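Taking it in order: structure first as structure tokens, then the write-up.
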Amino acid sequence: MLTFDVDGRAITVRPRTLVICGWTGRDPAAVEHHIEELAAIGVARPSSVPLYYRVAASQLTQAETIQTVGEETSGEAEPVLVQTPEGLLMTVGSDHTDRALEAHSVALSKQIAAKPVASTAWRLDGVGASDDLALRAFVSDDGADWSPYQNGTLAGILPLPKLVEGVRRTLGGLDDGTVIFCGTVPTLGGVKASPHFRAELAAPDGRTLSLRYTTSVLPIVA
1 MLTFDVDGRA
11 ITVRPRTLVI
21 CGWTGRDPAA
31 VEHHIEELAA
41 IGVARPSSVP
51 LYYRVAASQL
61 TQAETIQTVG
71 EETSGEAEPV
81 LVQTPEGLLM
91 TVGSDHTDRA
101 LEAHSVALSK
111 QIAAKPVAST
121 AWRLDGVGAS
131 DDLALRAFVS
141 DDGADWSPYQ
151 NGTLAGILPL
161 PKLVEGVRRT
171 LGGLDDGTVI
181 FCGTVPTLGG
191 VKASPHFRAE
201 LAAPDGRTLS
211 LRYTTSVLPI
221 VA
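So in our numbering the end of the sequence shown lands on 222, straight run, no missing numbers.
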């Protein structure tokens, strides 16, 4: 179960379906450039853009620590939408991904790692102009000294209603318990693995949704 604090009230939902939207950049030329960059290092081109990856809903977590196998994983800040009986909620999450496995299969690289989400949320219908929301991430080796890792606004990704409609078409509906990761903004200097990850989604009025977690690395045993 996921429980969110929404304006001081707890809303609990059982996640049943998890969709991670990939290749959601609003600038088609920039998306194509990124596809070509990844293709050069062995990552297959997506079959369509955007692409709606299905991931096990059991990977969703609000724990403060996640475990990964090997050190080649990293977080990725994303706006997250959650369908509940009371409508769509917006929170912030991390599409934590195995970067080594990504060259073999993007879908499997997303499935292999837990997907942390914040414990606070907003009602989507009360957010206003989502393009004005700032999406930021920070990384740290010790949990004290943080470095900027991502910084942009949701104007850099496809409009949220368009992504929701794409998921609705893909699933044949949008049932309660559907969780949608909506894409991300570029990193500041490239993908980096780090044991501590922090993300935030900030509104112009000062409201902020925050997420913080630590990665515990398990050894690769052959």
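From the three backbone atoms N, C-alpha and C, an ideal C-beta is built for every residue, glycine too. Note that the structure is predicted; figures quoted are calculated from it, not measured.
Among the options, nearest to residue i - alpha-carbon criterion
i: residue 222; options: 194, 174, 181, 70; result: 70
i: residue 214; options: 73, 65, 23, 113; result: 65
i: residue 219; options: 72, 199, 147; result: 72
i: residue 217; options: 181, 205, 194, 37; result: 194
i: residue 205; options: 128, 36, 89, 123; result: 128
For residue j and residue i, believed in contact at Cβ under 8 Å, the rounded distance
i: residue 197; j: residue 120; result: In fact, because the Cβ distance is near 17 Å, the residues do not count as touching under 8 Å.
i: residue 164; j: residue 81; result: 7 Å
i: residue 60; j: residue 115; result: 5 Å
i: residue 107; j: residue 68; result: Contact flag wrong, Cβ pair sits at about 17 Å.
Beta-carbon gap between residue i and residue j smaller than 8 Å
i: residue 239; j: residue 109; result: A question about residue 239 goes unanswered here, because the residues of the chain that appear run from 1 up to 222.
i: residue 19; j: residue 167; result: yes
i: residue 77; j: residue 16; result: no
i: residue 55; j: residue 176; result: no
i: residue 118; j: residue 92; result: yes
i: residue 154; j: residue 131; result: yes
i: residue 75; j: residue 157; result: no
Beta-ladder partner(s) of residue i, from DSSP
i: residue 152; result: 135
CA-to-CA distance, residue j to residue i, given in whole angstroms
i: residue 63; j: residue 209; result: 16 Å
i: residue 29; j: residue 150; result: 20 Å
i: residue 152; j: residue 172; result: 32 Å
i: residue 147; j: residue 102; result: 24 Å
i: residue 31; j: residue 190; result: 15 Å
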